[in-house]
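In UniProt numbering, the protein residues as written are 1 to 139.
The beta-carbon is built from N, C-alpha and C at its ideal position, and this holds for glycine as well.
Remember, it's a predicted structure, so these values are computed and weren't measured experimentally.
Only one structure is covered here, and it is reproduced in the block below.
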Amino acid sequence: MHHETDNVVMVYAVEFHDLLHSSQWYYAPYSFDKEVLSNLLDKEAQTIKEKLEQYADMMRHAKVHGTVKSIHANRPGEGIVIASKEVEADIIITGCRGTGKIRRTFLGSCSDYVLHHSEVPVIVCRHKGDHHHHHHVKH
1 MHHETDNVVM VYAVEFHDLL HSSQWYYAPY SFDKEVLSNL LDKEAQTIKE
51 KLEQYADMMR HAKVHGTVKS IHANRPGEGI VIASKEVEAD IIITGCRGTG
101 KIRRTFLGSC SDYVLHHSEV PVIVCRHKGD HHHHHHVKH
């Protein structure tokens, strides 16, 4: 499927919701500490930078031509769809973590969101280590 002329844009969709709701800042009612919030954002910016460097290294190692970028969105699937429009993607290839029916029912699935909202074809790849047994699918 991969051709030497392909240009891959790997997207890291950043969710600040999880960062803020898991921090001490969120659990301090009636207060707003700018320094705590600033430190959280600085730490997240460093994490994003490290992830982007890691993904760029993966692409170089696999000899895949392209770029990596981060995008901020309320939900990762939304970020991926937005990014696909920005870069005028021809196709989206995404993975799925197999988070389970309960989590997917309440929170939705990133791959489900992309499948239903993308304007371009989508390929969803299951991880080799995913041990979900689907009787109707031969692995």
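By the Cβ-count criterion, residue 38 is exposed, with fewer than 16 other Cβ atoms from all chains shown falling within 10 Å of its own Cβ.
Per DSSP, reduced to three states, the secondary structure at residue 67 is strand. Listed in chain order, the non-local C-beta contacts of residue 52 below 8 Å within the same chain comprise 12, 68, 69, 70, local neighbours out to five positions each way being set aside. When Cβ pairs closer than 8 Å are counted between the two stretches, the region 110–118 is seen to touch the region 78–95, the count reaching three or more. Sequence-distant partners of residue 89 (beyond 5 residues in either direction) whose C-beta falls short of 6 Å from its own C-beta, in its chain, are 120. Nearest in C-alpha terms to residue 8, of all of 94, 118, 126, is 94.
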